[in-house]
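K.L.:
One structure, pasted below without further comment.
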Amino acid sequence: MTASALSRRRFLGLAALNSAAAVGMTAVSADPAAAASQGMPPFSPAIVIGTGYGAAVTALRLGEAGIPTLMLEMGQLWNTPGADGNIFCSMLRPDERSMWFKRRTEAPLASFLWLDLANRDIRPHAGVLDRVHHGDMSVFLGRGVGGGSLVNGAMAVTPRRDYFAEVLPEVDADEMYGTYFPRANAELGVNEVDRDWFESCRSYAYARLSRKHAEKAGFTTAFVPSVYDFGHLEREEAQEVPRSALASEVIYGNNHGKLSLDKTYLAAALGTGNVTIQTLQEVRDITRQQDGSYTLSVRELNPDGGVLAVRQISTRHLFLGAGSVGSTELLLRARETGRLPDLDEQVGQGWGTNGNVMLGRANHMWDTTGTLQSGMPALGIDNWDDPVHPVFAEIAPMPAGLETWASLYLAITKNPERGHFTYDATTDSARLHWAESQGQPSIDAAKALFDRINRANSTIYRTDLFGDTRAFENRFTYHPLGGAVLGKATDLYGRVNGYRNLYVTDGALIPGSTGVNPFVTITALAERNIERVLAEDFA
Ligand code: FAE
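Mapping of the sequence shown onto mature numbering (1 follows the signal peptide of the UniProt record, and there is no 0): residues -30 to -1, 1 to 509, in sequence order.
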């Protein structure tokens, strides 16, 4: 396909996304008849559950192949400004747009000087960020057309080849690094910060300070590619365009600057004319019919709470892209309720946090991080070569709008611990089994690195940031991975063991760790898998 045909597709898709109805259940399609349709058709040749990375890749390639495809997304389409003129709210003034049916926001940074300054009471609503609690672990998830791409920090990191080969040894690394990672990076619109600008700008004073402290301890840093447009960020700092990354917008969505999936893969998918997205549709149950087709039971959600309707829709090819937690839950429920009894025992196994642990350090009075901080990280401390405690620690912002004398980090560590899910019949949901002690290897690794940085700089940890006096927070993850692992619960291309024409496309395929932020890996793996599936399963 030529570049101009591609950009025309994307243009058509963007137009469909921008003009789609704003409130309530929405059908988004470049085909006017499909966009105008009310309710759900009884059958679609292919259905993709979710609209995150794996789902978006899959829908684009199905649509390009001419296969009519329906995407079912439980969250909203985020295309319409609220009363304040913005589509998304900022982290400093969260409102009902911020979180998925919560009465109070649940920001990752629970406190500052032990005061809960970041959270607000809100009206329960179908907001864009969810925090799902499972005992000792909670998982942050994006909800809406674009999934995690709406709320994430945009860091677009290709994993180290040696570690990728260690995590997924049966996947051909030559193919991944020769074809699928480059393809994913190109489609996602990955870009890098201008190094000269980085060295002189205000936006990354906080990152330069952390780099200085890391280097004093003998560590090196690496620039982190992004799907946030660094050109836009430069213009934000120069006050030539509306501010987003510089206006404390990240986890509740960005109003500008970010290439979330609705600007890239999903727009291109809609532009094929073969893909329709229906929003506020939560898939609950999957049943297989005698003819081999699948019937889904789908709840239409009211954005202000409650279920408006429950419908059935059937398909021949079913792709699960509901994310590690969502896809695992759908499969587990199907197996344990007897709807898909032949699913593998491996469904629900092999879940990990990507070794996530968050921490803060207190800086000296003369070491300021600056009042203007880009919400999009651009630098990480790379100590992955450490033979005992490999760590990649992204230098995270604290965009409070005032000097905090604090440096924040999200460390990705190599934690061998894995959790698993079981089905809880009383709540009809999946329950994650993960004990707080399983996060200890992550803390040990981060501590080994940051103890050295503190020693070299005569600094200490902040113990006021996580609601009590702990220095390390490992009771949540941004990077849930696993639950339907490639080569275990599925074959080596995401085909679910035990059933034909049933696939997993998302982070559930990755066995708990990528060593870096995961969305580029999820995207590239989905590209690889759908290419094979289209060649072999649609003949
Ligand atoms: P995901 O993007 O989670 O999409 C799943 C979609 O399915 C969502 O839209 C759900 O609403 C929808 N869904 C779930 N269940 C159902 C159902 N039953 N019926 C219908 N729809 C359903 O899946 N990663 C990076 O690489 N770089 C970063 O900088 C980064 N920062 C992050 C910051 C935050 C705050 C968070 C929460 C995550 C971050 N991540 C980052 C992780 C990244 O966003 C995540 O790995 C991917 O989004 C996962 O992609 P999936 O395709 O697995």
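All C-beta atoms in this analysis are idealised placements derived from N, C-alpha and C, irrespective of residue type, glycine included.
Every value quoted in this text rests on a predicted model; they were computed, and no experiment measured them.
#1: Distance, Cα to Cα, Arg172 vs Gly340?
#2: So Asp352 and Ala192 are in contact, right, with Cβ under 8 angstroms, and what is the actual spacing, rounded?
#3: Tell me the rounded alpha-carbon separation between Ala(-15) and Leu47.
#4: Which value, in whole angstroms, describes the spacing of the CA atoms of Ala187 and Asp166?
#5: Considering only residues of the same chain and omitting the five flanking positions on each side of Ala(-4), which have a CB-CB separation below 7 angstroms?
#6: Check whether the Cβ of Val466 lies closer than 8 angstroms to any heavy atom of ligand 1, and answer yes or no.
#7: According to DSSP, is Val245 part of a helix, a strand, or is it coil?
#8: Is the separation between the beta-carbon of Met346 and that of Tyr176 shorter than 9 angstroms?
#9: Would you kindly work out how many angstroms separate the C-alpha atoms of Ala26 and Asn424, rounded to a whole number?
#10: Am I right that Gly485 and Arg130 are in contact with their C-beta atoms under 8 angstroms? What's the rounded C-beta distance?
#11: What is the DSSP secondary structure of Phe289, counted as helix, strand or coil?
#12: Does the contact criterion of 3 or more C-beta pairs under 8 angstroms hold for the segment 396 to 413 versus the segment 61 to 70?
#13: Comparing C-alpha positions only, which one of Leu349, Leu231, Ala80 and Asn244 sits nearest to Gly24?
#14: Quick check on the burial criterion: 16 or more other C-beta atoms within 10 angstroms. Buried or exposed for Ile500?
#15: May I have the straight-line CA-CA distance separating Asn224 from Ala35, to the nearest angstrom?
#16: Does the distance from the CB of Val490 to the CB of Thr128 come in under 9 angstroms?
#17: Within the same chain, show all residues whose beta-carbon is closer than 6 angstroms to that of Gly45, passing over the 5 residues directly before and after it, in chain order.
#18: Is the beta carbon of Asn122 within less than 8 angstroms of some heavy atom of ligand 1?
#19: Who pairs with His390 in a beta bridge, going by DSSP?
#20: With 16 other CB atoms within 10 Å as the buried threshold, where does Trp336 fall?
#21: Should Pro78 be counted as a contact of ligand 1 given a C-beta to heavy atom distance under 8 angstroms?
#22: Report yes or no: do the segment 423 to 438 and the segment 281 to 297 share at least 3 C-beta pairs separated by less than 8 angstroms?
P.N.:
Taking the coordinates as given:
#1: 7 angstroms
#2: 4 angstroms
#3: 11 angstroms
#4: 24 angstroms
#5: If the five residues before and after Ala(-4) are omitted, its C-beta is found closer than 7 angstroms to the C-beta atoms of Ala4, Ala5, Ser7, Thr246 and Gln248, all from its own chain and listed in chain order.
#6: Flag unset: Cβ of Val466 not near ligand 1.
#7: strand
#8: no
#9: 42 angstroms
#10: Indeed they touch by this definition, with Cβ atoms about 6 angstroms apart.
#11: strand
#12: The way I'd put it, the segment 396 to 413 doesn't touch the segment 61 to 70; fewer than three beta-carbon pairs between them come closer than 8 angstroms.
#13: Leu231
#14: buried
#15: 32 angstroms
#16: yes
#17: Arg113 and Gly114
#18: yes
#19: His403
#20: exposed
#21: yes
#22: no
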